[in-house]
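To start, the structure itself, in structure tokens.
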Amino acid sequence: MSKLYENAVCLAPMVRAGTLPLRLLSLRYGADLVYTEEIIDKKIIATERIENPILNTVDFVSVKDRDSVVFRTSKEEKDRVVFQIGTSDPILALKAAQKVAKDVAAIDINMGCPKHFSIQGGMGAALLKTPQLAFDIIKNLKHNLQIPVSCKIRVLENTNATIDFVRRMEQAGADAIGVHGRETHQRPEDAASWDSIKPIVSAVSVPILANGDLFTQIDITKCREQTGVNSFLIARGALSNPSIFRKEGMLSQSEVVKEYLKVAADTDNVFQNTKYTAARMLPTKCNEKWSNTPPQKEVCNVTIPMLGATKNNEQLFALWDLQKYYQQRQIEFQNKAETCASHTVVSQSCGVKMDQPQYNDSFIYRQDLYCHTCGIQLLSEIDVALHVKGKKHKRKERAISAATKSAKYLQLIDSHHPEKRRKQNEESA
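Numbering follows our numbering, in which position 88 of the sequence shown is assigned residue number 156; successive positions increment by one, without gaps.
And the structure:
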């Protein structure tokens, strides 16, 4: 199973950024493997697996919040996507892995995240201080899964401590180990230590994936020569310009961000995530070293303030003259949704007849004082003015505006035919 990671140049796991659009674009540019963003064990456990006929994707939708897609994947990446789990419990880790095992190529355990949320929950880099727990997590996964299992760590305070930890993970059954060349307290502005990775390579027999300060193919070559590593995890370099995976050479930022937006439109990606990732592709969001590399020296017509001012996908795509492309995709999704879930239509893809429910508003005391967004009857104009300024109302409005065509379709199926959703989920279990 270790062969999956051999001589592989991979998209590293990145919170918020490692969603389906960036993963697919990285694969198309030449990435051998793509890691998902870290997803907490309990979060993925509390989802239902839904086959989305509009996008031809598999969506893991939150049971609690039906318009929230926790993880979306597709056939294009099935054999090359590594699902990363944030966990501190061997049992929960296994439940989370089993939830997605049929739809991914491998499972990775995050043992390097230094964020307070992860550390506080005993996850991420906290596992470096609890090697027995880390051992139990990997061992339990290997004993019960039929797909490869790996972990991603940071180097410890000294080389011997790192080697001891890595050897324990190998003994537990890890098929590969990603090593970030920074200690837990270090941040991206601190230089990664490739020298700290070199002795690890010869200490174990499983593939080691080097991570840290890889921004160009030249950096990859230098890291290979300096460490002896043959596999790599690229994070900021790939986020800034995913064409780093191209053997033919990198493309300009303007060309890459346009391609990213097209993939985001094709996958009906939510506005907030598309905006976040696109912002990280602009030169002004890159660190000094990356901004000085040739493809990024070009003058960019779109600035961070311009991007920050956008309120929806139409405005965002218009910055790159792609609003027509986005609108066309939305029309296609709408047509598919209507075919599947319109009034009194029997859909071949859905196989069920769904009648549009009639909305009864007779219970509303006064229409002008009723908030249809939150479903709350208010008693005065002052109440209305205060309510619309409140966090609950604004949060609900954001959720509604962020709901994509495909998400709304899933909600409709759920409200009309929950039995189909239940059966579909059981079949995938």
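Don't be surprised by glycine CBs; every beta carbon is placed ideally from N, CA and C.
Practice task
Could you please give the first and the last residue of the uninterrupted beta strand (DSSP E) stretch that includes Lys220?
Solution key: Val217 to Arg222
Exercise for the section: Alpha carbon to alpha carbon, how far is Asn212 from Pro199? Give it in angstroms, no decimals. Expected result: 20 Å
Exercise for the section: Have a look at Ala161 and Leu90 and give me their C-alpha separation to the nearest angstrom. Expected result: 25 Å
Problem - Cβ-heavy atom distance, Val150 to the ligand SAH, below 8 Å - result: Because no ligand of any kind appears in the structure shown, any question about the ligand SAH cannot be addressed here.
Handout entry: Val234 burial status per 10 Å Cβ neighbour count (16 or more: buried)
Key = buried
Handout entry: Collapsed DSSP secondary structure at Ser142 in the structure displayed
Key = strand
Exercise for the section: Just confirm the distance between the C-beta atoms of Leu39 and Leu454, as a whole number of angstroms; I'd bet it's less than 8 Å. Expected result: Outside the shown range of the chain (69 to 497) lies residue 39, about which nothing can therefore be said.
Problem - Secondary structure of Met82, DSSP reduced to three states - result: coil
Practice task
With a threshold of 16 other CB atoms inside 10 Å of the CB of Ala399, please say whether the residue is buried or exposed.
Solution key: The identity of residue 399 in the sequence shown is Ile, whereas the question assumes Ala. It is exposed - the Cβ of Ile399 has fewer than 16 other Cβ atoms within 10 Å.
Practice task
Output the boundary residues of the beta strand (DSSP E) element that contains Gln152.
Solution key: Val149 to Gly154
Practice task
Taking only the alpha-carbon atoms, compute the straight-line gap between Pro486 and Met191 and give it to the nearest angstrom.
Solution key: The predicted position of Pro486 is uncertain, since its pLDDT is 48 and thus under 50; a value taken from the coordinates is nonetheless stated next. Roughly 35 Å between the two C-alpha positions.
Handout entry: Extent of the continuous beta strand (DSSP E) run through Ile276
Key = Ile276 to Asn279
Practice task
Give the straight-line distance between the Cα atoms of Thr342 and Val324, rounded to the nearest whole angstrom.
Solution key: 14 Å
Practice task
Pull up the distance between the alpha-carbon of Ile153 and that of Asp336, whole angstroms please.
Solution key: 24 Å
Handout entry: Limits of the unbroken beta strand (DSSP E) element including His440
Key = Per DSSP, His440 belongs to no beta strand (DSSP E) and is neither H nor E.
Practice task
Give the secondary structure of Phe339 by DSSP, where H, G and I count as helix, E and B as strand, and everything else as coil.
Solution key: helix
Exercise for the section: Select from Lys290, Ser94 and Lys167 the residue whose C-alpha is nearest the C-alpha of Val129. Expected result: Lys167
Problem - Where Glu406 sits in the DSSP three-state scheme - result: helix
Exercise for the section: Could you tell me the distance, in whole angstroms, from the CA atom of Asn451 to the CA atom of Thr125? Expected result: Here the sequence assigns Asp to residue 451, which means Asn is not the residue at that position. Spanning the two alpha carbons is a distance of roughly 43 Å.
Exercise for the section: Tell me whether the beta-carbon of Thr252 lies closer than 9 Å to the beta-carbon of Gly189. Expected result: no
Practice task
Note down the Cα distance separating Leu498 from Phe385, rounded to an integer number of angstroms.
Solution key: In the structure displayed, the chain extends from 69 to 497; residue 498 sits before or after that span and is not available.
Practice task
In angstroms with no decimal places, state the Cα-to-Cα distance between Lys111 and Glu406.
Solution key: 30 Å
Practice task
Find the nearest neighbour of Ile245 within the set Asp258, Arg255, Glu449 and Ile265, judged by alpha-carbon distance.
Solution key: Ile265
Handout entry: Cβ-based burial, Ser70 [other Cβ within 10 Å; buried from 16]
Key = exposed
Exercise for the section: Grab me the residues of Ser94's own chain with a C-beta within less than 8 Å of its C-beta, minus the 5 sequence neighbours each way, in chain order. Expected result: Leu79, Val102, Ala306, Pro310 and Phe313
Exercise for the section: Could you check the C-alpha separation between Arg576 and His440 for me, to the nearest Å? Expected result: Residue 576 lies beyond the residue range present for the chain, which begins at 69 and ends at 497; the question has no answer from this structure.
Problem - Member of Thr289, Ser261, Asp204 and Thr87 whose CA lies at the smallest distance from the CA of Asn226 - result: Ser261
Exercise for the section: Measure the C-alpha to C-alpha separation of Val77 and Phe283 and round it to an integer number of angstroms. Expected result: 12 Å
Problem - Where Tyr73 falls, given that 16 or more other Cβ within 10 Å makes a residue buried - result: buried
Handout entry: Close beta carbons around Ala259, own chain, < 8 Å, minus the five adjacent residues each side
Key = Asp281
Handout entry: Arg91 in three-state terms, based on DSSP
Key = helix
Handout entry: Simplified DSSP state of Met422, which is helix, strand or coil
Key = Legend: pLDDT at Met422 = 35, less than 50; position of this residue unreliable, value from coordinates given subsequently. Residue state, collapsed to three classes: strand.
Handout entry: 7 Å CB neighbourhood of Arg84 in its chain, flanking five on each side removed
Key = Glu105, Asn341 and Tyr344
Practice task
Sort Ala240, Gly249, Thr289 and Cys291 by Cα distance to Val274 and report the nearest one.
Solution key: Ala240
Practice task
Quick one: using the 10 Å Cβ neighbour count with 16 as the cut-off for buried, is Asn403 buried or exposed?
Solution key: exposed
Practice task
To the nearest angstrom, report how far apart Glu145 and Leu224 are at their CA atoms.
Solution key: 33 Å
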